[in-house]
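Student: Counting from 508, one number per residue, gives the positions in the sequence shown under the numbering used here.
Cβ coordinates follow ideal geometry from the N, Cα and C atoms, glycine included.
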Amino acid sequence: MRPAVLVTKRIYPEAIAYLQEHVEVEYCDTDDGIPAAELLTRARGKQAVVSQLTDKFSPEVIEQLDPGLRVIANVAVGFDNIDVPAASQKGILVTNTPEVLTDTTADFAFALLMAAARRVVEGHHYVHSGQWTKWRIDLLVGQDVHHRTLGIFGMGRIGQAVARRARGFSMRLLYHDAMRAPAEVEESLGLEFATAERVLREADFVSLHVPLTPATRHLIGAAQLRQMKPTAILINTSRGPVVDEAALAEALQNGVIAGAGIDVFEREPQVHPLLLKLENVVLAPHIASASVDTRRRMSMMAAENAVAAMEGRRPPNLLNVEAWSELSQRGA
Ligand code: DGY
Numbered sequence: 508m509r510p511a512v513l514v515t516k517r518i519y520p521e522a523i524a525y526l527q528e529h530v531e532v533e534y535c536d537t538d539d540g541i542p543a544a545e546l547l548t549r550a551r552g553k554q555a556v557v558s559q560l561t562d563k564f565s566p567e568v569i570e571q572l573d574p575g576l577r578v579i580a581n582v583a584v585g586f587d588n589i590d591v592p593a594a595s596q597k598g599i600l601v602t603n604t605p606e607v608l609t610d611t612t613a614d615f616a617f618a619l620l621m622a623a624a625r626r627v628v629e630g631h632h633y634v635h636s637g638q639w640t641k642w643r644i645d646l647l648v649g650q651d652v653h654h655r656t657l658g659i660f661g662m663g664r665i666g667q668a669v670a671r672r673a674r675g676f677s678m679r680l681l682y683h684d685a686m687r688a689p690a691e692v693e694e695s696l697g698l699e700f701a702t703a704e705r706v707l708r709e710a711d712f713v714s715l716h717v718p719l720t721p722a723t724r725h726l727i728g729a730a731q732l733r734q735m736k737p738t739a740i741l742i743n744t745s746r747g748p749v750v751d752e753a754a755l756a757e758a759l760q761n762g763v764i765a766g767a768g769i770d771v772f773e774r775e776p777q778v779h780p781l782l783l784k785l786e787n788v789v790l791a792p793h794i795a796s797a798s799v800d801t802r803r804r805m806s807m808m809a810a811e812n813a814v815a816a817m818e819g820r821r822p823p824n825l826l827n828v829e830a831w832s833e834l835s836q837r838g839a
């Protein structure tokens with residue numbers, strides 16, 4: 508009998524075709540997602556689950572998964588929806604989709620930065636609503652991006668890709684990370700490592716590229732926003748809970764900072780009601796990696812990771828090597 512996979516939500520058709528070539532597929536062909544109880548029922552008897560960031564694999568859910576499940580293949584680079592240590596303990600491999608979305612996400616972070624700095628969305632609404640009746644010297648004046656200081660939190664793949672783009676705008680680059688980047692990366696990108704306080708104090712734009720962990724939850728709250736310049740703009744394409752959304756809304760309303768470009772939210776798809784009323788924030792529905800090519804490739808990568816694990820091969824984008832060693836030792 509061929510092994511079986513559960514795909515919890517709609518993905519690109521070529522990934523489904525690839526899965527169908529190799530294994531039995533139970534496909535939830537909708538964008539709705541399935542509640543945890545249903546996920547557990549449907550995952551029964553399957554060797555793999557192809558999941559998305561809206562599927563929550565808490566320790567309690569993982570505990571109840573079938574012992575035969577070999578892999579959870581997440582269609583995302585972020586994997587804060589899966590308790591990886593709990594999966595490892597149960598001998599379940601976890602995979603993600605890194606690299607393929609790095610440039611696409613960095614492009615979007617820069618798009619938000621440009622849009623917020625140069626008031627692109629306000630300009631669009633102004634023209635669209637017929638308010639544009641004359642040219643004015645100070646009509647929708649914004650802030651320069653070139654030659655300004657960009658502060659980056661998180662100098663991983665996406666942080667570095669954002670830094671590369673910023674160099675094209677002759678920006679000065681400060682960054683903070685729990686782990687300092689290698690000297691050759693700092694040198695080639697012209698990066699200056701600094702304390703979080705200094706990044707916040709000196710940056711004209713602050714862009715967040717950290718994973719969501721207990722240490723980065725509310726990395727930016729009321730206190731950090733107060734350390735930023737009143738002219739500063741905050742960009743978040745990482746994970747919503749990295750920013751205290753209520754504190755951000757208040758800071759934007761009260762002029763503590765000048766603007767923001769936000770793609771991710773604390774309780775998606777809900778957005779803090781005050782943010783919806785403000786003009787000085789550009790809001791997007793978690794689409795930083797959403798180019799046709801990238802979302803296709805992410806779907807394919809997850810499918811390939813799932814098939815590799817089901818065929819007893821080490822999946823290319825394995826996150827928990829310890830679970831693989833354990834499985835290999837058991838000869839499973
Ligand atoms: C990710 O991959 O983690 C993005 O947030 C969704 O594409």
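How far does the beta strand (DSSP E) with residue 679 in it reach, from first residue to last?
Tutor: 679-683
Student: Got a sec? Which residues, its chain only, sit under 8 angstroms from residue 834 by beta carbon, not counting five neighbours each side?
Tutor: 577, 598, 600
Student: For a test of the three-state rule: what should DSSP assign to residue 611, helix, strand or coil?
Tutor: helix
Student: Report the rounded CA-to-CA distance for residue 686 versus residue 671, giving the unit in angstroms.
Tutor: 19 angstroms
Student: At a cut-off of 7 angstroms, is residue 591 close to the ligand DGY when judged by its beta-carbon and the heavy atoms of the ligand?
Tutor: no
Student: Which value, in whole angstroms, describes the spacing of the CA atoms of residue 795 and residue 643?
Tutor: 33 angstroms
Student: How is residue 840 classed by DSSP in three states: helix, strand or coil?
Tutor: A question about residue 840 goes unanswered here, because the residues of the chain that appear run from 508 up to 839.
Student: Expressed to the nearest angstrom, what Euclidean distance is found between the alpha-carbon atoms of residue 737 and residue 763?
Tutor: 5 angstroms
Student: Kindly indicate the opening and closing residues of the beta strand (DSSP E) around residue 602.
Tutor: 600-602
Student: Just to be sure I understand the criterion: a residue counts if its Cβ is closer than 5 angstroms to at least one heavy atom of the ligand DGY. Which residues meet that?
Tutor: 583, 584, 585, 796
Student: Need the endpoints of the beta strand (DSSP E) that residue 534 sits in, please.
Tutor: 531-534
Student: What three-state label does DSSP hand residue 517 in the structure shown?
Tutor: Note: residue 517 maps to coil in three-state DSSP.
Student: For the alpha helix (DSSP H) that residue 812 lies in, which residues bound it at each end?
Tutor: 799-817
Student: With respect to the beta strand (DSSP E) encompassing residue 558, which residues constitute its N-terminal and C-terminal limits?
Tutor: 555-558
Student: Could you round the C-beta distance between residue 667 and residue 620 to whole angstroms and report it? I think they count as a contact, below 8 angstroms.
Tutor: Cβ atoms of residue 667 and residue 620 stay farther apart than 8 angstroms, at about 16 angstroms.
Student: Look at residue 805 and residue 582 and say whether their C-beta atoms are less than 8 angstroms apart.
Tutor: The answer is yes: Cβ separation under 8 angstroms.
Student: Is residue 687 helix, strand or coil by DSSP?
Tutor: coil
Student: Flag this pair as yes or no: are the beta carbons of residue 515 and residue 552 separated by less than 8 angstroms?
Tutor: no
Student: What residue from 683, 556, 719 has the CA that sits closest to residue 602's CA?
Tutor: 556
Student: If I'm right that residue 726 touches residue 660 with Cβ under 8 angstroms, what's the distance once you round it to whole angstroms?
Tutor: 7 angstroms
Student: Say whether the stretch 736-756 touches the stretch 764-780, bearing in mind that this needs 3 or more beta-carbon pairs closer than 8 angstroms, one atom from each stretch.
Tutor: yes
Student: Within 10 angstroms of the Cβ of residue 759, are there 16 or more other Cβ atoms? Answer buried if so, exposed if not.
Tutor: Buried, because 16 or more other Cβ atoms sit within 10 Å of the Cβ of residue 759.
Student: So the alpha helix (DSSP H) residue 595 belongs to, where does it begin and stop?
Tutor: Counting along the chain, the unbroken alpha helix (DSSP H) around residue 595 starts and ends at 591-596.
Student: Which class does residue 666 belong to by DSSP, given the choice of helix, strand or coil?
Tutor: helix
Student: Under 8 angstroms: do the stretch 639-656 and the stretch 728-735 share three or more Cβ pairs, one atom per stretch?
Tutor: no
Student: Would you decide whether residue 807 is buried or exposed? Buried here means 16 or more other CB atoms lie within 10 Å of its CB.
Tutor: A buried status is given to residue 807, since no fewer than 16 other beta-carbon atoms sit within 10 Å of its beta-carbon.
Student: Provide the residue span of the beta strand (DSSP E) that contains residue 658, from first to last.
Tutor: 656-660
Student: Count the other CB atoms within 10 Å of the CB of residue 546; is the residue buried (16 or more) or exposed (fewer)?
Tutor: buried
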